[in-house]
Amino acid sequence: MPRIAVLPSTVVDQIAAGEVIERPASVVKELLENALDASARAIEIDITEGGRSRIRIADDGTGMARDDAVLALARHATSKIRRTDDLVGVGTFGFRGEALAAIASVCAIEIETAAADGAGTVVRAAGGEVREVGECSRRRGTTVTVTRLFANAPSRLAFLRSPRSEWRATADALTSIALARRDVRLTAEHDGRQALALAPATSLRARVAALWGGAYADALVEVEDVSGAIHVAGLVERPGDAGTATRRIFLTVNGRAVRDHGIVRAAEAAYRSTLPSGVRPSLLLELTVPGDLVDVNVHPMKAEVRFRERWMLERAVEAAVRRALGTSASAPALGYRAWSVGGSQEGGVGTVVDTEVLRRSDDALGPLLDDPETGAPYRPERLPDEAAVPPLVQLRNTYLMFEREEGLVLIDQHSAHERVLFERFLGTLERGEAPSQRLLFPLTLHLGPAEADAFEEHQDLFTALGFEVEGFGGHTLLIRAVPMPHPRFDAERCIRETLDALAGSRFASAAPRHERLAATVACKAAIKAGDALSPGEMRALYLALGATALPAHDVHGRATIVHIPWDEVDRRFGRR
Ligand code: ADP
Ligand code: MG
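In numbering that gives the first Met the number 0, the protein residues as written are 0 to 575.
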């Protein structure tokens, strides 16, 4: 007797179903995608017991003629592609012709459908077999009802979780489709209670507001960038808000919701140095790329895609998010949380600033307070385009204040300087040009054992930054040359405090070693709160901050710039 046999089709279908249909959420996703592929404008979803006992999805799409309705349940039956070539840049969610067959093989399914208002068809199937084909009357569109999922597949049934957690997964699937296809009206009921009622929305921000509230939506920063043929759009969390609420990740590629760690990582890389370690931002990103750069047919649930030129794509995403964060729209607008009561859904209090005014100077890494090469004192006439600097006032020797058309702006002088120095030091470490100045009298530093260890561990980086330091036996250091970031720079104190911070391992972050050192030295070398600044120094700081890549955030993820809209000021004075 032969040991090999070709499996009966019912078994084949159940095996295939295992790849497509994992739980109620996967049924909901497939049925919703079918409705959307059929050009539905409104979809009603009705779920019982997390989808374990019943899922019903009704749409107002194109519907099916009788023969198509029967054929739809067969494996590899699809109206969406005909040839393999059609796979390139396929515009519909479905194309494998597998979902309905897979669903039908593991539950009872009923399809009611009509291609025009009036006479329609009803098809009932169970265990993968069509049991009944009849007539019905209904409006144009399709209603698919799935009952008792996995009733005939006990091993699969055993893997389902409680109705509650199945519902949670289903709600996630709904949310993801609601974000991807915000043009469609979506309503959902779970166990007889309304769970979702979404009118068509005109923007991602509006859909986000409908899902999670206007305040949440208003606080997100808009991403909108084109590099080459790649378009990156979406909404991302301000660094200062990251970690304060549930983290939400949502990614579409050409309208298809997918998971992709590489792209998420690239977007997170744009937050480099603005977030404390372990804190990760919410990201809602929509990528549009030429169809021939993506292969959508690599995952049975189509939850992942494969990219040609992945590297290019990730770079585009990082650049786009970085640009978005570089605007001070991403700095917290004072009063956003406390004062904006029921703020508008679009362009609320939190999104009114742009740092373009800070950016008039193209003189990237321009002189701050002094000439970095020679340490020569600051000379106002060297500053570029001085007319672009508004009158600045120093408050409490801590903040610089100026006015703009939209409101009042405060800059934290220490945070701002820290950001400036961080980017300069990072540039020095990454590109290896270290302006340093020989000291007439070398400094001697006596260190504790932990600080000495920290020095040894980072000696190469200190050197790269422009410190010329010798170990001098035991725990004594001899400093012969130092970088000269500004005239007030106290090299001895900076090195001491940096080693102290490194030794205290308060920086156990995932950031690369050189970034950590650049951040620490920047923090220690920056002017402090309490330092009185001359008008020239204030202007220089203003311009240097404007020339940084991320002016709105310091290296710890705190704001460097706070914007108080006139609206808020007026409100406080009872003028509105
Ligand atoms: P695929 O979506 O990959 O084509 P499915 O098994 O999900 O495969 O569906 C098979 C076919 O049934 C589809 O190609 C489509 O023609 C038809 N169909 C399924 N659902 C609907 C619907 N809600 N409205 C209209 N046609 C549908
Ligand atoms: Mg489908």
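Idealized CB from N, CA, C, for every residue including glycine. All figures in this text were calculated on a predicted structure; none of them were measured in a lab.
Item                                                                                                                  : Value
Which residues DSSP lists as bridging T443, in chain order                                                            : L477
Cα-Cα separation, L284 to L30                                                                                         : 24 Å
Exposure label - T169; buried when at least 16 CB within 10 Å                                                         : buried
Any non-hydrogen atom of the ligand MG closer than 8 Å to L99 Cβ                                                      : yes
C-beta atoms of R246 and S276 nearer than 9 Å                                                                         : no
Those residues which DSSP pairs with Y270 across a bridge                                                             : Paired residues: none, contrary to the question.
According to DSSP, residues forming a beta bridge with I44                                                            : I56, A187
The segment 189-203 in contact with the segment 82-91 per 3-pair CB rule at 8 Å                                       : no
Member of P486, V207, H230 whose CA lies at the smallest distance from the CA of A218                                 : V207
beta-carbon K28 near the ligand ADP non-hydrogen atom, thresh 8 Å                                                     : no
In chain order, each alpha helix (DSSP H) run of at least 4 residues that lies wholly inside the segment 504-563      : 512-524, 534-545
Within the segment 214-284, ranges of the beta strand (DSSP E) (whole runs, at least 3 residues)                      : 220-226, 229-235, 248-252
Where the alpha helix (DSSP H) through M63 begins and ends                                                            : No alpha helix (DSSP H) holds M63; DSSP gives it neither H nor E.
Proximal residues to E48 (C-beta, below 6 Å), its chain only, five neighbours per side dropped                        : P162
C135: first and last residue of the uninterrupted alpha helix (DSSP H) it sits in                                     : Premise fails: C135 lies in the beta strand (DSSP E), 128-137, not in any alpha helix (DSSP H).
Close Cβ partners of R437 (< 8 Å) along its chain, the five nearest in sequence each way excluded                     : E467, R479, A480
Three-state secondary structure assigned by DSSP to S339                                                              : Unreliable placement is indicated for S339, whose pLDDT of 25 sits below 50; no coordinate value is reported for it.
Residues of its chain near R309, where Cβ-Cβ distance is below 8 Å and the 5 sequence neighbours each way are ignored : G261
Cβ pair A546, I560 closer than 9 Å                                                                                    : no
Host alpha helix (DSSP H) of I102 (start-end)                                                                         : 98-104
Between the CA atoms of S52 and A318 - distance to the nearest angstrom                                               : 46 Å
The alpha helix (DSSP H) enclosing R487, as first and last residue numbers                                            : Taken as a continuous stretch (DSSP letters only), R487 belongs to no alpha helix (DSSP H), as it is neither H nor E.
G96 beta carbon near the ligand ADP (any heavy atom closer than 8 Å)                                                  : yes
Cβ-based neighbour list, P441, same chain, cut-off 7 Å, excluding 5 preceding and 5 following                         : L477, I478, R479
Sequence-distant residues of the same chain with beta carbon closer than 8 Å to H474, five excluded per side          : H445, L446, G447, P448, E450, A451
Per-residue burial, G290 [other beta carbons within 10 Å of its own, 16 or more giving buried]                        : exposed
Near the ligand MG: D36 beta-carbon under 8 Å from a heavy atom                                                       : yes
N151 versus C106 - alpha carbon distance                                                                              : 7 Å
Three-state secondary structure assigned by DSSP to S202                                                              : coil
For F424, the three-state DSSP class (helix, strand or coil)                                                          : helix
Which of helix, strand or coil DSSP assigns to L31                                                                    : helix
Beta-ladder partner(s) of M400, from DSSP                                                                             : V392, L409
Reduced DSSP category for R123 - H, G, I as helix; E, B as strand; rest coil                                          : strand
Coarse secondary structure for D294, derived from DSSP in three states                                                : strand
Alpha carbon of R430 to alpha carbon of V388, nearest angstrom                                                        : 30 Å
Residue closest to E404, alpha-carbon to alpha-carbon, out of R512, P564, P299, F94                                   : P564
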